[in-house]
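See below for the structure under consideration.
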Amino acid sequence: MKNLITSLALVVTILGFSQSKSINGMVVKEMTKVENVSITVEVDSAEEIKETFKIESIKEILESSSDNETIGFKIICNGDKMSNGKKSHISYAIEGNSDDIEGFLKSVEKIRSSAINYYKNKN
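Under our numbering, the final residue of the sequence shown carries the number 135; numbering is consecutive throughout.
In structure tokens, the structure reads:
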């Protein structure tokens, strides 16, 4: 009898606490914030530069960055193998601020042109 009453009390307690409660509250939506955008492109020829990236593509990436954030761009131009077996390379890099995307894109265009000229003058 003692076990029966204990078992019934346990079952009633479990059923009582297992009932779902209604939840009243606020739903908070969070915004994703992109900070410190840095783009690095590594190429082996002028044709690859022309095919790999366009200024419009970089502009699309930068539009997702927040205001007053650091943005960077770097292009690495691989050259021929040197006598020690390692590849020669040259890199161009700039940093800017997301508040001046147009000025940053002008600098990216200059770097792109310089990299193309590097391959034209190398040959």
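Yeah, the Cβ is synthetic: ideal placement off N, Cα and C, and Gly gets one too.
Using the C-alpha atoms, what's the distance from residue j back to residue i?
| i | j | result |
| --- | --- | --- |
| Asn80 | Ser110 | 5 Å |
| Ala21 | Asn15 | 10 Å |
| Ser126 | Glu72 | 22 Å |
| Glu42 | Ile128 | 42 Å |
| Glu68 | Asn36 | 47 Å |
| Tyr104 | Asn133 | 16 Å |
| Lys122 | Val39 | 47 Å |
By Cβ distance, which residues of its chain are closer than 6 Å to residue i, with the 5 residues on each side in sequence left out?
| i | result |
| --- | --- |
| Lys113 | Residue identity check: residue 113 is Ile in the sequence provided, not Lys. Correct list, in chain order: Leu74. |
Name the residue from the options whose alpha carbon lies nearest to the alpha carbon of residue i.
| i | options | result |
| --- | --- | --- |
| Ile70 | Tyr104, Phe116 and Lys99 | Phe116 |
| Arg124 | Thr52, Asn36 and Val39 | Thr52 |
| Thr64 | Ser78, Glu42, Ile87 and Asn129 | Ile87 |
| Ser57 | Ser19, Glu121 and Ile102 | Ile102 |
| Tyr130 | Glu59, Glu107 and Ser19 | Glu59 |
| Ile106 | Ile26, Gly84 and Ser95 | Gly84 |
| Lys118 | Thr25, Glu54, Lys66 and Ser19 | Lys66 |
Output needed for residue i: all residues of its chain with C-beta closer than 7 Å, excluding positions within five of it in sequence on either side, in chain order.
| i | result |
| --- | --- |
| Asn48 | Glu81 and Thr82 |
What residues match up with residue i in a beta bridge as DSSP calls it?
| i | result |
| --- | --- |
| Asn90 | His101 |
| Phe85 | Ile51 and Ile106 |
Going by beta carbon distance, what residues of the same chain come within less than 8 Å of residue i, once the five residues before and after it are set aside?
| i | result |
| --- | --- |
| Lys99 | Asn90, Gly91, Asp92 and Lys93 |
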